[in-house]
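The working numbering puts the first residue of the sequence shown at 1, with every later residue one more than the last.
All C-beta atoms in this analysis are idealised placements derived from N, C-alpha and C, irrespective of residue type, glycine included.
As the structure is a prediction and not an experimental result, all values here were calculated from the model.
Contents: one structure, followed by commentary.
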Amino acid sequence: MSYVVPVPPQASLAVQDTDARFPVRRIFCVGRNYEAHAREMGNDPDREPPFFFTKPADAACDTPCTIPYPPLTNDLHHEIELVIAIGKGGANIAPSDVMDHIWGASVGIDLTRRDLQAEAKQTRRPWDWAKAFDLSAPIAPIKPIADVPSLTNGRIWLAVNGETRQDADIADLIWSVADHIATLSESMTLAPGDLVMTGTPAGVAAVVEGDVITGGVEGIAEFEVTIGPRA
Ligand code: MN
């Protein structure tokens, strides 16, 4: 096989305790999946079905890292999220079968250009420019599911320059991992390499050049991300 332009490198993420890497196929992100965050964004959290948006595979990057402050924004926000790594594909997966499709779990940031998102919401345009920019998904090394203590409870937290900003528990997910991945698989055939970013708890806020962001999910993974000068 020959190609008319260079073949893109396979996007991938580090895995804990091995040099082997997790190949990233797609990144699905859940919107509004913690009640207090839905409220802080001015939405009614009551049982709206889960909805999704995406980031390109190569938005994923290993941590620790330094990410340049991205273009076109003056309001870059952190959103810490539990990340699920899919190991076995499928469509119309029953909630009770979802665990069989999960390879591992980690934690990352759904970096968001909040000013562009506000404009997109107001003008009923897509969220891509707010969410899907370069390096918008720094993610800690993935932990194999056999070593993950729980996907239904555990502290999730994020700090900026040592000051805690987001502090919640994944037990507070409106739609559990089993439920939202089952729903996702009704509209897309999931495949090995897919990632699901499961939504952020309350406390999202802006970061600026020079900020050091740390965060984690208890028993799963932790990260450190530095915001560099504008690209
Ligand atoms: Mn998010």
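- At a threshold of 7 Å, Gly-215 does not count as near the ligand MN, since its beta carbon sits no closer than that to any of the ligand's heavy atoms.
- Going by DSSP, Trp-103 is part of the beta strand (DSSP E) stretching over 102-109.
- Here Ala-205 has Arg-165 as same chain residues with Cβ atoms under 6 Å from its own Cβ, once five neighbours each way along the sequence are excluded.
- By the Cβ test, the region 165-177 is in contact with the region 66-84, since at least three Cβ pairs between them sit closer than 8 Å.
- In terms of Cβ geometry, Val-225 and Ile-109 form a close pair [threshold 8 Å].
- If you draw a straight line from the Cα of Asn-92 to the Cα of Gly-210, it is about 44 Å long.
- In this structure, Gly-199 and Arg-32 form a Cβ contact; the two beta carbons are roughly 7 Å apart against a cut-off of 8 Å.
- Non-local C-beta neighbours of Ser-12 in its own chain, meaning closer than 7 Å and more than five positions away in sequence, comprise Arg-21, Phe-22, Pro-23, Val-24, ordered along the chain.
- Annotation: the continuous beta strand (DSSP E) that includes Ala-168 extends over 163-169.
- The Cβ-Cβ distance between Ser-136 and Ala-221 does not fall below 8 Å.
- Uninterrupted beta strand (DSSP E) stretches at least 3 residues long and entirely within the region 29-96 occur at 52-55, 60-62, 65-69, 76-78, 80-86, given in chain order.
- Distance from the CA of Leu-116 to the CA of Gly-228, rounded to the nearest whole angstrom, comes to 20 Å.
- Exposure of Tyr-3 is indicated by the presence of fewer than 16 other C-beta atoms within 10 angstroms of its C-beta.
- One Cα belongs to Ile-139, the other to Val-107, and the distance between them is close to 6 Å.
- Under the three-state reduction of DSSP output, Arg-21 falls in the strand class.
- For Ser-176, there is no enclosing beta strand (DSSP E), since its DSSP letter is neither H nor E.
- In the DSSP assignment, Arg-114 falls within the unbroken alpha helix (DSSP H) covering 114-123.
- The distance from the Cβ of Ala-171 to that of Thr-152 is about 6 Å, consistent with a contact at the 8 Å cut-off.
- Comparing C-alpha distances from Ser-150 to each of Met-99, Asp-128, Glu-186, Gln-122 shows the shortest one belongs to Met-99.
- Under the DSSP definition of a beta bridge, Val-4 lacks any partner.
- Inclusion of Arg-155 and Glu-218 in the CB contact set at 8 Å is warranted, their separation being smaller than that value.
- A distance below 6 Å between beta-carbons, with the five flanking residues on each side excluded, links Leu-173 to the following residues of its chain, in chain order: Asn-33.
- For Leu-190, the closest of Ser-176, Ala-94, Arg-113 by C-alpha to C-alpha distance is Ala-94.
- The ligand MN has a heavy atom closer than 7 Å to the beta-carbon of Gly-199.
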